[in-house]
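To keep things clear, I will list the structure first and then write my remarks on it.
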Amino acid sequence: MWQPAGVRIRRPAALVLGLVTVAVPVAGCRTSPSVAAYVGDEQVTVAELRSAVDDRLADPAIAEAAGGGGADYTRQVLTLLVRERVYAAAAEEYDVEVTDAELGAFITQALGGQDEESLYAQAAGQGYSREDVRESARQQLLRRELGQATGQGDALSEAALRARYEEARAGLEQAEVGYFVVPDQAAADAAVAELTAAPASYPAVAARFPGQNSLPQVESTPVSEVSGPLAQGITAAAPGTGFTTTVPGVDGVVVVFVATRTTPTFEEARPDLESQAANGVEEAGAAVVGEVQDELSVTVNPRYGTLEDDVVQEADGGVVQLLDEAGTEAGAPAPATGEG
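Residue numbers are given in our numbering: position 131 of the sequence shown equals residue 1506, and the series is strictly consecutive.
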């Protein structure tokens, strides 16, 4: 469920460690040894970075996952601190915010009844704190807010969701299906007749024909996802009916019973519909963050590495671009990475 940096939790909705980092040209000296990274006019100081690392490593589970710390983990934490400032800058520019109440409700919905503490424990096993998880979720909601600020929010309107439901309704149908293998056609016809007369008898009838190709209970499955040799019959079968068929490689006759067919109502499908629509709005929000990138500049102290694809990476030992006192770029050998 927990996936750092581009994470989603489902399941049902997604909690994602922010995907977009944005960058900004700022004149002046940006090479102070007391600064770990510059994000526009903001700074992540070395002291702040060390404190953030230490706070996380105080959790034994995080310390174990991080191998006690070190340069790699320091870069991971610095990535998060830089990303947080980028999103704060975008939110301020577009005058949007996510309240703690909104954040809590989003996390609860995203978990879909799963234990929240289990999510945090899973994140700790990858070196992320409870606050990191919540900040990731906040950034996801900020992308939605930013998308709506640019007029993309109509996708989440009642009318748009109902239109999406009508388009998707045929593919939402679920069927409860069971099947088992009998020795011959006569036994198959008798089993279908018995099941049609008494649909609730499926477990008892199936129990008479156990085997690796038999289901002891009917199971629910999306009709649109049914494939293989039974697909055509299941797709066409009315609820409470069955059919027989033979399958290459299976000795005997397969009895298939379709107990029920149901389509979720609009209200039942709404959470998934909203999640799907929100993905598009979030993409628009990510584009907004990309526009902010033209106004910001992220400069990482080469002591810690370089910023590549939104992540602070270990310097490769080549030449890094620094800004000298006049604000011009100058090449310099990359120092060793890490705290030291």
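Glycine included, each C-beta is placed from N, C-alpha and C at the ideal position. A quick note: this is a predicted structure, and the numbers were derived from the prediction, not measured.
- Rounded to whole angstroms, Q1418 and A1465 show a C-alpha spacing of 16 Å.
- For A1498, the enclosing alpha helix (DSSP H) has its first and last residue at E1491 to A1499.
- Under the three-state reduction of DSSP, A1411 is assigned to strand.
- Ranking G1442, L1456, P1435 and A1433 by CA distance to the CA of V1687 puts L1456 first.
- Closest in C-alpha terms to T1596, from the list A1606, Q1587 and T1681, comes A1606.
- DSSP, read as helix, strand or coil, puts A1441 in coil.
- Looking only at V1598, G1522, L1648 and E1506, the smallest Cα-Cα distance to A1550 is reached by V1598.
- D1507 is classed as buried because its beta carbon has at least 16 other beta carbons within 10 Å across all chains shown.
- Excluding sequence positions up to five before and after Q1592, its CB lies within less than 8 Å of the CB of G1553, Y1577, P1578 and A1581, all in the same chain and listed in chain order.
- Judged by DSSP in its simplified three-state form, T1483 adopts helix.
- Membership of R1431 in the alpha helix (DSSP H) is indicated by the continuous run V1421 to L1432.
- With respect to the 8 Å criterion, V1556 and G1502 are not classified as neighbours on the basis of their beta carbons.
- G1660 counts as buried, since at least 16 other C-beta atoms from the protein chains shown sit within 10 angstroms of its C-beta.
- For P1646, the enclosing alpha helix (DSSP H) covers residues F1641 to V1667.
- Take the alpha-carbon of L1424 and the one of L1531: they are about 38 Å apart.
- In this structure, DSSP gives Y1503 a state outside helix and strand, which the three-state scheme calls coil.
- Residues of the same chain with a CB within less than 7 Å of the CB of V1471, apart from the 5 flanking positions on each side, are L1517, E1520, L1521 and A1524 in chain order.
- In the DSSP assignment, G1617 falls within the unbroken beta strand (DSSP E) covering T1616 to T1620.
- Taking a C-beta distance under 8 Å as the contact criterion, E1666 and G1680 do not qualify as a contact pair.
- Looking only at V1622, T1616 and E1658, the smallest Cα-Cα distance to G1603 is reached by V1622.
- Relative to G1546, the option among A1653, A1440, G1479 and V1601 whose CA is nearest is V1601.
- In the structure shown, G1553 falls within a strand segment according to DSSP collapsed to helix, strand and coil.
- Comparing alpha-carbon positions, the option among F1618, E1649 and A1611 lying closest to R1636 turns out to be A1611.
- For P1578, no beta strand (DSSP E) encloses it; the enclosing alpha helix (DSSP H) starts and ends at Y1577 to A1582.
- Annotation: L1682 is outside any alpha helix (DSSP H); the continuous beta strand (DSSP E) that includes it extends over T1681 to E1683.
- Residue burial is scored here from C-beta neighbours: S1493 has fewer than 16 other C-beta atoms within 10 angstroms and is therefore classed as exposed.
- Excluding the 5 residues flanking it on each side, R1537 has same chain C-beta neighbours closer than 8 Å at F1641, in chain order.
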